[in-house]
Amino acid sequence: MISQIDNFFRPKMDDNAQDENVQINEPPIEEAEEVRKRTYHEAGFRDGSRNSGSPLALSICLNAIYARFQNEEKELVGKQQMAKEPYINEQKSKDTEIKTLVISKEDKELQITKVEAD
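Written as structure tokens, this is what we have:
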């Protein structure tokens with residue numbers, strides 16, 4: 012039983028050779044951010060040019076554009092949190108499992124020392 016627990020704590024070797032050949036195509040992040048900045052800038056320019064120089068209208072347009080930008084960012088943060096949630100839950104369950112195994116290992120070691128002492 013103790014050897015099984017010790018084996019549990021040893022690093023596992025990955026036998027999946029298939030994973031090495033898989034290529035992950037990630038969209039270029041810099042280009043996506045640049046497009047967003049460009050559209051944010053263009054939206055501000057377009058809305059600002061429509062108000063024909065009124066400072067109040069310009070302020071309202073810029074506030075509306077900034078509010079849209081903040082809403083987009085909040086949505087992206089929410090999506091990222093939802094994407095991370097399964098991994099966080101798995102990590103918590105693994106941590107709990109490790110703690111229980113450590114406790115059981117300590118109990119078994121105490122039992123062994125008691126048996127050896129008798």
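According to our numbering, the residues represented by the sequence shown are 12 to 129, in order.
For glycine and all other residues, C-beta sits at the position ideal for the given N, C-alpha and C.
First and last residue of the alpha helix (DSSP H) that includes residue i?
i	result
ASP129	Unbroken run through ASP129: none, as it is neither H nor E.
Assuming the contact rule is C-beta atoms closer than 8 angstroms, residue i and residue j should be a hit. Round their C-beta distance to whole Å, please.
i	j	result
ALA94	ILE76	Between ILE76 and ALA94 the Cβ distance is about 27 angstroms, and since that is not below 8 angstroms, they are no contact.
With distances taken from CA atoms, which of the options is nearest residue i?
i	options	result
LEU69	PHE80, LYS85, GLN81, PHE56	PHE56
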